[in-house]
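Visitor:
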Amino acid sequence: MNELTSALAAALPDGRLLTDPDVVDSYARDRTFVPPGRPLGVVLARSRDDVVATMRWASEHRVPVVPRGAGTGLAGGATAVDGCVVLSLARMTAIRELSPQDEIAVVEPGVITADLDRAAREHGLMYAPDPSSYEISTIGGNLATNAGGLRCVKYGVTRDSALGLEVVLADGRVLNTGRRTMKGVTGYDLTGLFVGSEGTLGVITAATLRLRRAPRETATIAAEFTSLRDAAAAVSAIVAAGCQPSLLELMDRTTLQAIDDWKNIGLEPSTRAMLIAQAEGSADEMAALCGAASFVATSSTPEEAAELIGIRRLAYQAKERLGQCLVEDVCVPRSALPDMITTIEEVAARHGVMIATVAHAGDGNLHPVFVFDRGLAEPPEEVWAAADEVFRAALDLGGTLTGEHGVGLLKKRWLDLETGPVAAQLQRGIKQVFDPLNILNPGKAI
Ligand SMILES: Cc1cc2nc3c(=O)[nH]c(=O)nc-3n(C[C@H](O)[C@H](O)[C@H](O)COP(=O)(O)OP(=O)(O)OC[C@H]3O[C@@H](n4cnc5c(N)ncnc54)[C@H](O)[C@@H]3O)c2cc1C
Numbered sequence: 024m025n026e027l028t029s030a031l032a033a034a035l036p037d038g039r040l041l042t043d044p045d046v047v048d049s050y051a052r053d054r055t056f057v058p059p060g061r062p063l064g065v066v067l068a069r070s071r072d073d074v075v076a077t078m079r080w081a082s083e084h085r086v087p088v089v090p091r092g093a094g095t096g097l098a099g100g101a102t103a104v105d106g107c108v109v110l111s112l113a114r115m116t117a118i119r120e121l122s123p124q125d126e127i128a129v130v131e132p133g134v135i136t137a138d139l140d141r142a143a144r145e146h147g148l149m150y151a152p153d154p155s156s157y158e159i160s161t162i163g164g165n166l167a168t169n170a171g172g173l174r175c176v177k178y179g180v181t182r183d184s185a186l187g188l189e190v191v192l193a194d195g196r197v198l199n200t201g202r203r204t205m206k207g208v209t210g211y212d213l214t215g216l217f218v219g220s221e222g223t224l225g226v227i228t229a230a231t232l233r234l235r236r237a238p239r240e241t242a243t244i245a246a247e248f249t250s251l252r253d254a255a256a257a258v259s260a261i262v263a264a265g266c267q268p269s270l271l272e273l274m275d276r277t278t279l280q281a282i283d284d285w286k287n288i289g290l291e292p293s294t295r296a297m298l299i300a301q302a303e304g305s306a307d308e309m310a311a312l313c314g315a316a317s318f319v320a321t322s323s324t325p326e327e328a329a330e331l332i333g334i335r336r337l338a339y340q341a342k343e344r345l346g347q348c349l350v351e352d353v354c355v356p357r358s359a360l361p362d363m364i365t366t367i368e369e370v371a372a373r374h375g376v377m378i379a380t381v382a383h384a385g386d387g388n389l390h391p392v393f394v395f396d397r398g399l400a401e402p403p404e405e406v407w408a409a410a411d412e413v414f415r416a417a418l419d420l421g422g423t424l425t426g427e428h429g430v431g432l433l434k435k436r437w438l439d440l441e442t443g444p445v446a447a448q449l450q451r452g453i454k455q456v457f458d459p460l461n462i463l464n465p466g467k468a469i
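Per the working numbering, the sequence shown starts with residue 24, numbered consecutively.
In structure tokens:
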């Protein structure tokens, strides 16, 4: 340890600060290829006081702090910067309160998302936001990225479930935002501001979250199509018919092939796309709306439904088996989905790049995954060129660069295309108010 880290160790209980270079390196990356800087150390916080002590020390010595949950991020948000301290919240795992009467939970940031959902289900409730990573990501990371997920088409994104937060600010002060009530409009919405701020404004140390009644009966279908565009058209038909799906997911052939090669799901040679949909009530109407499908499977039991949805949840890991992945997260108005999908196919063919696409189709949120050689340090030029075209096409269709993963480091080069100079200046002003020394996750998100 040097003088700086010795001062931090002295401010914390024993064992909280790790400085062994091999251990520290294992906390330096998220799930992207983005090369990390070299941290001074890692704090494994176990309480709010640990976070306060770390931020006071960082503020005094002007050391950058990179907050970190489980490191499953896909934008480089938790990637370490040179000379920083990585502040891991993964060990703050208490569900402090779960109130069936008020339909809320108060949790620490290191709680694994699916663990909260399981705890809620014991009371007939659920925690709705369910990123595909929900078995491995943390609530703190979900809040900081405003994560989406499969059920968001009906229940909204993480922000729609966040009622209040406890946040440690850059100088170590503790801020409480929001409330325990379903409604409340006192003052500016600071909870909403912190959700999605990617660790650049404060460190979330607790959250009051909204729970919802778990649906009693749901129907699930998996429809196979010989054309990706037909599958995208079925998405609009299901929504327009008022089926109110709680899940509406689309996978292209490349994704299905990767899953089939790994798990042998019996993929037909003619299948170009699969749509998985779930709603309360009967499956018949949704199945009928997939008129162009070559085959529709309907689940009759919750176990069968979980199996169908499980195929979708395997998608990202299946693609990681093919090579390194640059994951995009564009979101377009739902009506533009067929055009966006067609553009992605054209771009892939023109640049000779493998793009495997899954979509939270009910939200118009697509994840074209650009697969490239594992041996390369970063994507080759043709991948960047193809990614650039896909981003621009999404914006031209009235969409956005990122629906749920955040900007991190990965999408900063395209930020100006969407934000515009006025919003960019105001965002820098907000950062300056909360973090005047620029020590919280510097260089990320804005
Ligand atoms: C297989 C797979 C599937 C995925 N599917 C989805 C999906 O469907 N939807 C989706 O939205 N994302 C998805 N993701 C991306 C990722 O899981 C989410 O972004 C998730 O919210 C990150 O949580 P984490 O705990 O891993 O956070 P990390 O990756 O550790 O951090 C993410 C960001 O949050 C900040 N942060 C973390 N904790 C705190 C805190 N307590 N206070 C302040 N800032 C903090 C970090 O600094 C960083 O900027 C997927 C990832 C994988 C690997």
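C-beta atoms are modelled at their ideal positions from N, C-alpha and C, and glycine is treated no differently.
Just so we're clear, the structure is a prediction, and the values are computed from it rather than from any experiment.
#1: Check the C-beta distance from Thr214 over to Leu188 and give it rounded, since I have them as a contact under 8 Å.
#2: Is it true that the stretch 247-262 meets the stretch 373-385, where meeting means three or more beta-carbon pairs spaced less than 8 Å apart?
#3: Report the start-end ranges of each alpha helix (DSSP H) in the stretch 185-232 that is 4 residues or longer and not cut off at the edges.
#4: Which term fits Ala93, buried or exposed, when burial requires 16 or more other beta carbons within 10 angstroms of its beta carbon?
#5: Grab me the residues of Ile244's own chain with a C-beta within less than 6 Å of its C-beta, minus the 5 sequence neighbours each way, in chain order.
#6: Restricting to Cα atoms, I'd like to know which of Arg236, Ala193, Trp285, Met205 is closest to Thr228.
#7: Please report the distance separating the alpha-carbon of Pro459 from that of Ala76.
#8: Is it the case that the stretch 227-242 contacts the stretch 119-130, given that we only count it when at least three CB pairs across the two stretches are under 8 Å?
#9: So Asn464 is in the beta strand (DSSP E); what residue range does that whole segment cover?
#10: Is the number of C-beta pairs between the stretch 431-447 and the stretch 408-418 that are closer than 8 Å three or more?
#11: Give me, in chain order, the residues of the same chain whose beta-carbon lies closer than 6 Å to that of Arg335; leave out the 5 immediate sequence neighbours on both sides.
#12: For Leu273, does the three-state DSSP call read helix, strand or coil?
#13: Could you compute how far the alpha carbon of Val376 sits from the alpha carbon of Ile367?
#14: Note down the Cα distance separating Ser49 from Pro58, rounded to an integer number of angstroms.
#15: Looking only at its own chain, which residues have a Cβ that is under 6 Å from the Cβ of Pro238, when we skip the five neighbours before and after it?
#16: For my contact list, Ala281 and Ala379 are in at a C-beta cut-off of 8 Å; report their separation, rounded to the angstrom.
#17: Short of 6 Å in beta carbon distance, which residues of its chain neighbour Tyr157, apart from the five on each side in sequence? Order them along the chain.
#18: With H, G and I counted as helix, E and B as strand and the rest as coil, what does DSSP make of Met78?
#19: Which of helix, strand or coil does DSSP assign to Phe56?
Guide: Well, looking at it:
#1: 5 Å
#2: yes
#3: 213-217
#4: buried
#5: Ala300, Ala306, Met309, Ala310, Val319, Thr321
#6: Ala193
#7: 18 Å
#8: yes
#9: Unbroken run through Asn464: none, as it is neither H nor E.
#10: yes
#11: Glu272, Ile299
#12: strand
#13: 10 Å
#14: 12 Å
#15: Glu303
#16: 6 Å
#17: Thr136, Ala137
#18: helix
#19: coil
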